[in-house]
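There are 2 protein chains.
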Amino acid sequence: MKRGGSKREEVEAADSGIKLGRLDEFIGFRLRRIQNQLSRDFAAATADRNMRSGLFSSLSIVAANPGISQNELSKAVGLDKSITVQIVDELEKRELAVRERSPTDRRRHALFVTEAGQTYLDELFAILAETEDAVLHQLTRAELALLRELLDRMYLAYDEPGISL
Amino acid sequence: MKRGGSKREEVEAADSGIKLGRLDEFIGFRLRRIQNQLSRDFAAATADRNMRSGLFSSLSIVAANPGISQNELSKAVGLDKSITVQIVDELEKRELAVRERSPTDRRRHALFVTEAGQTYLDELFAILAETEDAVLHQLTRAELALLRELLDRMYLAYDEPGISL
DNA sequence: GAAAGATAGTTGACAATCTCTACGATTGAG
DNA sequence: CTCAATCGTAGAGATTGTCAACTATCTTTC
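These protein sequence lines map, in sequence, to chains A and B. Our numbering puts the first residue of the first sequence at 9, with every later residue one more than the last. Our numbering puts the first residue of the second sequence at 9, with every later residue one more than the last.
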């Protein structure tokens, strides 16, 4: 690993006197920490909206790929087929998306976002943008672009990414 | 596991056609994506070691804060008291840590890492470092330092962080 | 110094997810 | 036509987190 210098800072959690110790040396820890906060904030901001775990990401993948099959969706989101069934069930029940049998292959269900689903997505994306802004306004535009690039470069280290939202 | 295929899964155009759509615009998405891969890799690399979810982070917090109480640990790790009980139960059963009654306040259990626990931690930290290196070698030293700083700056946007591992 | 209330740890009931396996329908290869 | 693979579905089981008691201690208050 890298940790060249031995500048030993006392790393504590805000007001409690708890130290993080070696955990603090790891990027993964920092990533998780922020990501946790972000998703917590997002969850809080959408508490009234009946959000289920993979629902938002699934819906937005469907929106970006009209006619996608459930199987493809499963792989894209990184969930098991059986979970995708439940999610699509709920999407359909709430009329955010619809299943249509594929005419060419009658085993497949082609998925499409309804207008209500589009509206729902717009709302959630707006909330998400707001949530992120609360944190990102700490960075300049240039820094933000750089951060994006670094994260992408890291992600490309994986030969077969697999989106896993 | 890193390769999440249920059966044989060709490296073919698995996610070739799938677009991310607006999801791709968000930093949180990129964070989660990498963080997911990292923890998946870490889980795979430690599959033989009986890792339970909060166990590693809890143990390392205890190591960094000898004598910490279970309550403090709960808050630090961001888990419910009742889960912490289970985790400490397992830590004790595996002789990685011990509970000792506090002499000043007999309600509290002061937690300490055993030598075996220290060894265990060393191993896991080594694995974690390896796991991260696989991704981080894409970045130069300078970029890595910058990334750290940007992430920290983002995190400090929260007045009352709350570690939540 | 005794009663009332707060706090630490524990337990168990419960709900939400994810994993795994199996099954019917459909397709495609031979 | 036969047989294997794929898509969607369903259900059993494990894991994990939430929540509401309950005990034993401590602290506050009168």
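Every residue, glycine too, gets a C-beta built ideally from N, C-alpha and C.
1. May I ask you to report which of helix, strand or coil DSSP gives E103 of chain A?
2. One question on the structure: do E151 of chain B and G36 of chain A come within less than 7 angstroms of each other, judged by their Cβ atoms?
3. For D1 of chain A, return the contacting residues in chain B, with the cut-off set at a CB-CB distance below 8 angstroms.
4. Can you pull the chain A residues whose beta carbon is under 7 angstroms from the beta carbon of E151 of chain B, in chain order?
5. Return no unless some Cβ of chain B is closer than 7 angstroms to the Cβ of L155 of chain A.
6. Evaluate N73 of chain A with the Cβ neighbour count: other Cβ atoms within 10 Å of its Cβ, from every protein chain shown; 16 or more gives buried, anything less gives exposed.
7. Mark T92 of chain B as exposed unless 16 or more other C-beta atoms lie within 10 angstroms of its C-beta, in which case mark it buried.
8. Excluding the 5 residues flanking L144 of chain B on each side, which residues of the same chain have their C-beta closer than 7 angstroms to its C-beta?
9. Can you tell which of B:R156, B:S66, B:G75 has the C-alpha that lies nearest to the C-alpha of D97 of chain B?
10. Look at the Cβ atom of A124 of chain A, then the Cβ atom of L104 of chain A, and state whether they are nearer than 7 angstroms.
11. With which residues is F120 of chain B paired in a DSSP beta bridge?
12. Quick check on the burial criterion: 16 or more other C-beta atoms within 10 angstroms. Buried or exposed for S68 of chain A?
13. Taking DSSP's pairing of strands, which residues face S77 of chain A in a bridge?
14. Going by the CB atoms, is the gap between L155 of chain B and A71 of chain B shorter than 7 angstroms?
15. Contact between the segment 28-45 of chain B and the segment 44-60 of chain A is defined here as three or more beta-carbon pairs at a separation below 8 angstroms; is this criterion met?
16. Just checking my contact of R60 of chain A with I95 of chain A at CB under 8 angstroms: how many whole Å lie between their CB atoms?
17. Any C-beta of chain B within less than 9 angstroms: which residues of the segment 73-99 of chain A qualify?
Result, derived from the coordinates:
1. Here residue 103 of chain A corresponds to residue number 95 of the first sequence, with the count starting at 1. Here DSSP, grouped into helix, strand and coil, assigns E103 of chain A to coil.
2. For the purposes of this step, residue 151 of chain B is identified with residue 143 of the second sequence, where counting begins at 1. For the purposes of this step, residue 36 of chain A is identified with residue 28 of the first sequence, where counting begins at 1. The Cβ atoms of E151 of chain B and G36 of chain A lie no closer than 7 angstroms to each other.
3. Because residue 1 of chain A is not part of the residues shown, which for chain A are 9 to 173, the question remains open.
4. Mapped onto the second sequence, residue 151 of chain B falls at position 143. Simply L158.
5. Translated into the one-based positions of the first sequence, residue 155 of chain A becomes position 147. For L155 of chain A, the nearest CB of chain B lies under 7 angstroms from its own CB, placing it at the interface with that chain.
6. The residue labelled residue 73 of chain A in the question sits at position 65 within the first sequence. Residue environment: N73 of chain A is assigned as buried (16 or more neighbouring CB atoms within 10 Å of its CB, all protein chains considered).
7. Counting from one through the second sequence, the residue named residue 92 of chain B turns up at place 84. Its Cβ being crowded by 16 or more others within 10 Å, T92 of chain B is buried.
8. Working through the second sequence from its first residue, we reach residue 144 of chain B at position 136. Same-chain partners within the cutoff: L152.
9. Numbered from its first residue, the second sequence carries residue 97 of chain B at position 89. Comparing alpha carbon positions, the residue from B:R156, B:S66, B:G75 closest to D97 of chain B is B:S66.
10. If you number the first sequence from 1, residue 124 of chain A lands on position 116. If you number the first sequence from 1, residue 104 of chain A lands on position 96. Going by beta carbons, A124 of chain A and L104 of chain A fall inside the 7 angstroms limit.
11. Position 112 of the second sequence holds residue 120 of chain B. DSSP lists B:V106 as partners of F120 of chain B.
12. The residue given as residue 68 of chain A occupies position 60 in the first sequence. It is buried - the Cβ of S68 of chain A has at least 16 other Cβ atoms within 10 Å.
13. In the first sequence, residue 77 of chain A corresponds to position 69, counting from 1. Beta bridge pairing from DSSP links S77 of chain A with A:A118.
14. Reading the second sequence from its first residue, position 63 is the one you call residue 71 of chain B. Reading the second sequence from its first residue, position 147 is the one you call residue 155 of chain B. In this structure, the beta-carbon distance from A71 of chain B to L155 of chain B does not fall below 7 angstroms.
15. The segment 28-45 of chain B, when compared against the segment 44-60 of chain A, does touch it at the 8 angstroms Cβ threshold.
16. Counting from one through the first sequence, the residue named residue 60 of chain A turns up at place 52. Counting from one through the first sequence, the residue named residue 95 of chain A turns up at place 87. About 7 angstroms separates the Cβ atoms of R60 of chain A and I95 of chain A, confirming a contact at the 8 angstroms cut-off.
17. Residues passing the 9 angstroms Cβ filter: N73, I76, E80, L81, K83, A84, G86, D88, K89.
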